[in-house]
Each structure stands twice: as C-alpha cells, then as structure tokens.
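Note that this note's numbering numbers the sequence shown so that position 62 is 62, with each residue one more than the last. Ideal Cβ positions, reconstructed from N, Cα and C, are used throughout, including at glycine.
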Amino acid sequence: VWLERPAVDPMAVWPCCRNRQVPGSNPGGGILFISPDNFYTPASFYPMISVATWNVNSIRARMELLREWLHEEKMDIACIQETKVTDDEFPYDELKEMGYSIAAKGQKAYNGVCILSKYSFSSVKKDFEHIERGEKRIIEVVAEGINIINAYFPHGKFPGSESFHYKIDFIEGLRDYLDKNFDFKKDKVIILGDFNVAPEELDVYDADALENTIGFHEREREALLYLKAWGFVDLFREKNNGMREYTWWDYRSASFKRNAGMRVDHIWASEKLAARCVECSINRGMRAKPKPSDHAPVKAVFEM
1 VWLERPAVDP MAVWPCCRNR QVPGSNPGGG ILFISPDNFY TPASFYPMIS
51 VATWNVNSIR ARMELLREWL HEEKMDIACI QETKVTDDEF PYDELKEMGY
101 SIAAKGQKAY NGVCILSKYS FSSVKKDFEH IERGEKRIIE VVAEGINIIN
151 AYFPHGKFPG SESFHYKIDF IEGLRDYLDK NFDFKKDKVI ILGDFNVAPE
201 ELDVYDADAL ENTIGFHERE REALLYLKAW GFVDLFREKN NGMREYTWWD
251 YRSASFKRNA GMRVDHIWAS EKLAARCVEC SINRGMRAKP KPSDHAPVKA
301 VFEM
C-alpha cells in the first residue's frame, strides 16, 4: 500500500494488482495510488475465484434460470449436473455468449454433466467408464491450476437394490481414482456436485424418519466418509459449522414450503485449497423461483 504516489509503477512491483480493480484506481484496473482514506489490506488485492455446483434437472428446461444465476453471481466456474441432453444438442452458443469455456458430456433424458468456466481449460477428461458403467456422470478439468471433478452420483433407488450397490461402487471407485492420480498433500483438487448423500444428521430435516433410507443410509454415509478421508474438507460445513441448511427439496408434499430438505450437493476441496476458501453458501432463492430445479446451487469463493 502506497500512502504517496510511488516513483515506480506499482503494477510492475506488485503484479497481482493487474487482476483486481480497487476504488480509487484507474478505470482500466491496476492501482496507481491509494490514499490513507482508501486503505485496503494486502489480502484484499488477491484475485478471487468462485466455484459452484448446481443440479439443474434439465439444462434446457432451466436455461433462463441458469443464465440469470450466472449473471447475478458473476460465476467464474460453474459445475452443472443432470443436463439431460446429448452433446450435439447442448446449448453451447448461449453459454459461450456469456464468456464461458465449456466442457460437456451428456446423454438423452438422463444424467449429464458440464463445466462452465471464465478461465480456459488446460485439460479435460471425460473417460470414467470404469466408474460410470455407461452413464454420463463425471467430467474433470484443470483450470487455473485447480483439478475440478464434477460428479453426479447415482441415486441408488432403494437400499439393497442393484442401483444401490452401483452407487457404493461409484463412490469407492472415485476414491480409488483419487488415490492413483493425485497427491492430497500437494495437489489442488475440488470434487463437487450432487452426491445424493447427506453426510450428517444436521444435513437432513428429520434424521429419525430418514434413518437408513436412500440418501441417508448408513452404508452410503460410510462410503462418503471413505471418499472424504482421501483428504477433502467439506467447505459448507467448514464455513458454516452447526448451520442447518439444505440443497434439495422434493417437488412433492410441499417439501420446500415445509423446509423438509436434505443437504446432498457438496463442494469439497483438498486441504491446501480449502485453506484459501473464504466463504461457502447455498443459494436457496433459486429454489423459490418459478419452475425451479429441485436443487439449490452451492458456491464457494477462494482467495488465490
């Protein structure tokens, strides 16, 4: 911070200033001079990156809401689940007009995932057949040095079913993939999406009524804990300790009005990256919109 105009160009001395515009700076960005009346701590100059997850329950049906949310939140990286559209029918043009790079992987009427990013991708991985078994559920990109895995976990139908066992295998398969490809002590990794599992009693509206039902079954929660033990931090719980909030409400039985929900959508980060998270929140307001998804978006902000 300069209390008088420096002889040397501040941007040459402090390159990160190029990335943030501060009141009192020139309109093009970059700090020229900060008076004592306009004092900012050095931490406030570091660029922020917002990363979010949202199960839109059909990207075509929710396109208007998606555009509204992306614009209002000024989202940097958005990971979307249940796009329910094949790659050749994906709305690339509408989202590219908003300045996003797009990585998408989908199928007709079911599943489907995509990642929208204001940053270019240095790599995109779509081949997770050994985990997905023919369903389009996982996509991974690297952006700004962050490995981002967007996953739509299987629902599981009901305990003991073939779909339930597939769900457990899916979760354990992700852990195996992480063990083989990343170092939790060094790598910046985010795994996020609709996990279709609520981890704790605090994450459901009625733990007694939901005990060992799908989404809150002991076996699912054990598998999820095994995945988390790779080295992840649950960012919402880390930043909102003790808060009871949900991300999903059934369309039926006036569940949203009664707040009979579950927190099944998550953003987890490796410890190195989690230390840079400054906030994590659920946008309940999007669930209250006309013709909404049954899920609310979750957003995390990182100071990079």
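### Task
Could you check which residue in ARG67, LEU116 and TRP230 has the C-alpha nearest to that of ARG175?
That would be TRP230, whose Cα lies nearest to the Cα of ARG175.
### Query
Of all the alpha helix (DSSP H) runs that stay within the bounds of the segment 214 to 280, which reach a length of 4 or more residues?
218 to 228, 235 to 239, 255 to 258 and 271 to 274
### Query
Could you give the distance in angstroms between the alpha-carbon of LYS167 and the alpha-carbon of ALA104?
22 angstroms
### Query
Do ARG284 and LEU203 come within 9 angstroms of each other at the CB atom, strictly closer than that value?
Here residue 203 turns out to be Asp, not Leu, going by the sequence shown. No.
### Message
For TYR100 and ALA300, I'd like the C-alpha separation in whole angstroms.
### Response
18 angstroms
#### Entry: Exposed unless 16 or more other CB atoms sit within 10 angstroms - verdict on ALA151
buried
### Query
Can at least three beta-carbon pairs, one atom from the segment 107 to 124 and one from the segment 141 to 158, be found at a separation below 8 angstroms?
yes
### Task
Check whether the segment 188 to 204 touches the segment 72 to 85, counting contact only when three or more Cβ pairs, one atom from each stretch, lie closer than 8 angstroms.
Three or more pairs of CB atoms, one per stretch, sit closer than 8 angstroms, so the segment 188 to 204 contacts the segment 72 to 85.
### Task
Evaluate ASP183 with the Cβ neighbour count: other Cβ atoms within 10 Å of its Cβ, from every protein chain shown; 16 or more gives buried, anything less gives exposed.
The residue is exposed, with fewer than 16 neighbouring Cβ atoms inside 10 Å.
### Query
Going by other Cβ atoms of all chains shown within 10 Å of its Cβ, with 16 needed for buried, is ASN212 buried or exposed?
Answer is exposed; the Cβ neighbour count stays below 16.
### Message
With H, G and I counted as helix, E and B as strand and the rest as coil, what does DSSP make of THR41?
### Response
Low confidence applies here, because THR41 scores a pLDDT of 42, under 50, leaving its location unreliable; read the following figure in that light. THR41 falls in the coil class under three-state DSSP.
### Message
Quick check on DSSP: helix, strand or coil for SER50?
### Response
strand
### Pairwise C-alpha distance: PHE216 and LYS157
12 angstroms
### Task
Express the C-alpha separation of ASP234 and LYS96 in angstroms, rounding to a whole number.
31 angstroms
### Query
Taking buried to mean at least 16 other C-beta atoms within 10 Å of its own C-beta, is PRO154 buried or exposed?
buried
### Query
With distances taken from CA atoms, which of LYS272, ARG287 and CYS277 is nearest ALA254?
For the residues LYS272, ARG287 and CYS277, the minimum Cα distance to ALA254 belongs to ARG287.
### Query
Taking the beta strand (DSSP E) that PHE302 falls in, what are its first and last residues?
298 to 303
### Message
Just verifying my parser: in three-state terms, what is the DSSP assignment at TYR119?
### Response
coil
### Query
Along the chain, where does the alpha helix (DSSP H) that runs through LYS105 open and close?
No alpha helix (DSSP H) holds LYS105; the beta strand (DSSP E) holding it covers 101 to 105.
### Query
Under a three-way DSSP split, which group does ALA143 fall into?
strand
### Task
Please state whether DSSP places ALA151 in a helix, a strand or coil.
strand
### Query
So, are the CB atoms of LEU70 and ALA78 less than 9 angstroms apart?
yes
### Query
For GLY106, does the count of other Cβ atoms within 10 angstroms reach 16, so buried, or fall short, so exposed?
buried
### Query
So, are the CB atoms of LYS185 and GLY145 less than 9 angstroms apart?
Not in contact: LYS185 and GLY145 (Cβ atoms no closer than 9 angstroms).
### Task
Mind checking which residues open and close the beta strand (DSSP E) that includes LEU192?
189 to 194
### Query
Does DSSP put ILE131 in a helix, a strand or coil?
helix
### Message
If you measure between the beta carbons of ALA223 and ILE138, is that distance less than 9 angstroms?
### Response
no
### Query
Residues bridged to ILE282 by DSSP?
VAL298
### Message
Measuring straight from C-alpha to C-alpha, what distance separates CYS277 and TRP248?
### Response
23 angstroms
### Query
With a CB to CB cut of under 6 angstroms and the five nearest residues on each side skipped, what residues in its chain are close to ALA143?
SER117, TYR119 and PHE121
### Query
Considering only C-alpha positions, which residue in the set LYS180, ILE267 and PRO47 is nearest to GLU238?
Here the closest residue by C-alpha is ILE267.
### Message
Between ILE214, ASP208, LYS108 and MET75, which has its C-alpha nearest ASP88's C-alpha?
### Response
LYS108
### Message
Quick test of your reading: PHE236 and ILE282, contact by CB under 8 angstroms. State the CB separation rounded to the nearest angstrom.
### Response
7 angstroms
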